[in-house]
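A.B. asks: In the working numbering, the protein residues as written are 10 to 216.
Glycine included, C-beta positions come from ideal geometry on N, C-alpha and C.
These figures come from a predicted structure and were not determined experimentally.
1) Does the distance from the C-beta atom of residue 170 to that of residue 158 stay below 8 Å?
2) Does the distance from the CB of residue 140 to the CB of residue 125 come in under 8 Å?
3) Expressed to the nearest angstrom, what Euclidean distance is found between the alpha-carbon atoms of residue 176 and residue 27?
4) Once you ignore the five residues that flank residue 109 on each side, which residues in its own chain have a CB closer than 6 Å to its CB?
5) Can you find the residues in the same chain that come closer than 6 Å, C-beta to C-beta, to residue 87, ignoring five residues on each side of it along the sequence?
6) When you compare only the Cα positions, how much space is there between residue 54 and residue 46?
7) Under three-state DSSP, which class holds residue 102?
8) Quick check: residue 98 and residue 68, are their CB atoms within less than 8 Å of each other?
9) What are the boundary residues of the beta strand (DSSP E) that residue 117 is part of?
10) Select from 173, 22, 73 and 118 the residue whose C-alpha is nearest the C-alpha of residue 162.
11) Among the candidates 131, 74 and 144, whose CA atom is the shortest distance from the CA of residue 185?
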């Protein structure tokens, strides 16, 4: 089974190719504003290595909404071109760390945070939204589990920085672990989109 994995949910993106447990490709790249250019250059390197792919695994976040959408779009295109199965796995379940059981946190903006507890590549709790007080409480209840974040969280200075790994995503997908979505993928939403309603103008009738 040949598995291609893509993650662009954090500041560094990564692409990996796994064939029956053997690593054929594993590369990380950095893009400040958009992963699209670097991602597709990297995918071109992968395309010359194999003539087919059985499964495409995408890291769904939490993280950069635009970055995850780029990965999903690439995955959809490759699925149609190659006839591969498409699966989604939370990016926080594939952090590049030695620990297999850990907690992942992050800044979810608007004075909120996300919390997730991972066991052996599976999110057994979260990702879920939490206030600062709730985050503190959940971290305390997690006991001695190591805590990681993809970017600095000032409210939790003990959290170690760790980034998602496409290679770990590929291993999880190949083993059928941690998969939360298939085919119709969406980034992990932590809250409903914030929509600002336009102000009414005098003399304009509301329909």
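C.D. replies: Concretely, from the data shown:
1) yes
2) no
3) 8 Å
4) 129
5) Take residue 87, set aside five residues on each side of it, and the residues of its chain with a beta-carbon closer than 6 Å to its own are 65, in chain order.
6) Approximately 13 Å, taken between the alpha carbons.
7) helix
8) If you check the CB distance, residue 98 and residue 68 come in under 8 Å.
9) 110-118
10) 118
11) 131
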